[in-house]
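K.L.:
Numbering-wise, this note's numbering puts 109 at position 13 of the sequence shown, and it's gapless, one number per residue.
Virtual Cβ for every residue (Gly too), placed ideally from N, Cα, C.
Here the structure is a predicted model, which is why all the values come from computation and not from measurement.
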Amino acid sequence: MTTTMLHAPSIVCGGCASAIKKALGDVRGISQVDVDTTNKKVQIEHDERVPRAEIISILDRAGFPAS
């Protein structure tokens, strides 16, 4: 397993956290998504077959650009 931590400045509330969890939750290879709304961080546990660039792309399409 790999842990990826991303900063997503457009996170403002629990609704944002829910939307992010929904967007990433169905992706094969992602096992856990934690969202810190205070610090605008997303922590993703995933296997090595899910590249960081794919996670960033999914978040971008969901309306949460991340880096």
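Using 9 Å as the threshold, is the C-beta distance between Leu-120 and Val-108 below it?
P.N.:
In the sequence shown, counting from the first residue as 1, residue 120 sits at position 24. In the sequence shown, counting from the first residue as 1, residue 108 sits at position 12. Taking 9 Å as the Cβ cut-off, Leu-120 and Val-108 do not qualify as a contacting pair.
K.L.:
Whole angstroms are fine: how far does the CA of Pro-105 sit from the CA of Thr-134?
P.N.:
Taking the sequence shown and counting its residues from 1, the one referred to as residue 134 is at position 38. Taking the sequence shown and counting its residues from 1, the one referred to as residue 105 is at position 9. If you take the alpha carbons of Thr-134 and Pro-105, they lie about 10 Å apart.
K.L.:
Quick check on Asp-132: does DSSP put it in helix, strand or coil?
P.N.:
The residue given as residue 132 occupies position 36 in the sequence shown. Three-state result, Asp-132: strand.
K.L.:
Our contact map puts Leu-102 next to Ala-162 with C-beta atoms below 8 Å; I'd like the distance itself, whole angstroms only.
P.N.:
Within the sequence shown, the letter at position 6 stands for residue 102. Within the sequence shown, the letter at position 66 stands for residue 162. Yes, Leu-102 and Ala-162 are in contact; Cβ-Cβ is about 4 Å, under 8 Å.
K.L.:
Starting from the C-beta of Gly-125, find all residues in its chain whose C-beta is less than 7 Å away, skip the five residues before and the five after it, and write them out in chain order.
P.N.:
Within the sequence shown, numbered from 1, the residue matching residue 125 stands at position 29. Here the set comprises His-142, Asp-143, Arg-145, Val-146.
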